[in-house]
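Just so we're aligned, residue 3 is where the sequence shown starts under the numbering used here, counting upward by one.
To keep things clear, I will list the structure first and then write my remarks on it.
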Amino acid sequence: MLTLQVMRRFFAVFTFLVALGCGIGCDSASTRPSSKSEASGEITNYFGVGEVRSLGTDGKSVVVKHEAFTNFMEAMTMPFPVREPKELQGLKPGDRITFRLRVTATDGWIDEIQLAQTTNAPTRTVTNSNPEKASFPTPPPEVRQVPVVDVLNPGDRVPNYTLTNQLGQSFELDSLRGQVVVLDFIFTRCPFPDFCPRLSRNLAALQRRLKESPPLLTNCHLVSLSFDPHYDTLERLLNYGRTYGNDPALWSFCQASMDSIERLAGHFELYFARDVEPAQQNHNLRTVVLDRQGKLFKVFKGNQWTVEELTEAVVAAGADHR
Ligand SMILES: [Cu+2]
């Protein structure tokens, strides 16, 4: 519910951006890594309105149930990073805020957070006190829940699934036994640089490290599984992989049946909306390391982990000769 004042401000900002020669959502190039905009540090700004749902325990992120960003993102609940922790001072769940979303080719964050004019509408309170759950958006009703599968813990064997790589070759996850497997879940149309594109950049960095370290190289395989299989054709996966400099011998961009994707994702509590336009996609992030016996070694949640940490996990999982 926008108050009149907020509406006026929205249009004032809109007019301002148009005056700058940049309509809201003008930079569609920001949805893909672009060396040009990275080099020039181009920032696209979006004006946001929403409700604080929870504050990150790290003091550097806030989960906001936000209204739509025209031509960029549908209304959804998601975590946003902030660069200055003081931006979040005094905020509490239920607060209505306005903010600026800043997006570059490789990054996204919010600033200029201000309390919005309060309306008479009752505010919802966040009752979820589980810190892990609170740091990720609650699935909206339109999200199809994944089939009921066992959530796996480190040491659990990961069931076998059939995947097809970007070259059209189908293979069993079990066929990668003997190698450490790094598995993440992405969709090529992901509009937010901090989500799928960040994971892909991190895996690209891992791939570079593997190539510098031959013993690791022969014992590790990277798998990026699309959860948008009807859009992410083999050709699109191939092209997406090339954007990140992937070597198909080391890093597979995969399709699978929707049932397999949902089950495999469910083992690690990854959720996503099925067959939706990118702006409606609301997903969380999981990057998973399997040891050489096909057992779960480690799950990296969210996007705050580093390539160092991932590399360490790969080395540790590969050193394990149980
Ligand atoms: Cu994404």
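We put the CB at the ideal spot given by N, CA and C, even for glycine.
Presumed contact (8 Å Cβ cut-off) between residue i and residue j, rounded CB distance
{"i": "Leu287", "j": "Leu201", "result": "6 Å"}
{"i": "Asp60", "j": "Glu89", "result": "Contact flag wrong, Cβ pair sits at about 13 Å."}
{"i": "Val105", "j": "Val84", "result": "Not quite, the Cβ-Cβ distance comes to about 14 Å (not below 8 Å), so this is no contact."}
{"i": "Val316", "j": "Cys198", "result": "In fact, because the Cβ distance is near 20 Å, the residues do not count as touching under 8 Å."}
{"i": "Lys297", "j": "Val151", "result": "With 8 Å as the limit, Lys297 and Val151 do not qualify as a contact, their Cβ atoms being about 16 Å apart."}
{"i": "Gly320", "j": "Leu218", "result": "7 Å"}
{"i": "Ser226", "j": "Asp186", "result": "5 Å"}
{"i": "Leu292", "j": "Phe299", "result": "6 Å"}
Sequence-distant residues of the same chain with beta carbon closer than 8 Å to residue i, five excluded per side
{"i": "Val309", "result": "Asn204, Ala207, Leu208, Arg211"}
{"i": "Cys192", "result": "Thr33, Cys198, Pro199, Pro280, Gln283"}
Residue i beta carbon near ligand 2 (any heavy atom closer than 7 Å)
{"i": "Ser226", "result": "Within the structure as shown, ligand 2 is missing, the only ligands being ligand 1."}
Nonlocal neighbours in the same chain, by C-beta distance under 6 Å from residue i, ignoring five residues either side
{"i": "Arg1", "result": "Outside the shown range of the chain, which is 3 to 324, sits residue 1, and nothing can be said about it."}
{"i": "Arg126", "result": "Per-residue confidence for Arg126 stands at a pLDDT of 38, beneath the threshold of 50, marking its modelled position as unreliable; no derived number is given."}
{"i": "Asn167", "result": "Ser254, Cys256"}
Other residues of its chain near residue i: CB distance less than 7 Å, five sequence neighbours each side excluded
{"i": "Arg55", "result": "Val65, Val66, Lys67, Thr79, Pro95, Val128"}
Q: Can you list the residues near ligand 1, meaning Cβ strictly closer than 5 Å to any non-hydrogen atom, in the order they appear in the chain?
A: Cys192, Phe197, Cys198
Q) Curious, which full-length alpha helix (DSSP H) runs of at least 4 residues does the region 183-253 contain? A) 198-214, 216-219, 236-245
Q: Identify every run of the alpha helix (DSSP H) within the region 74-99, keeping only runs that are complete inside it and at least 4 residues long; order them along the chain.
A: none
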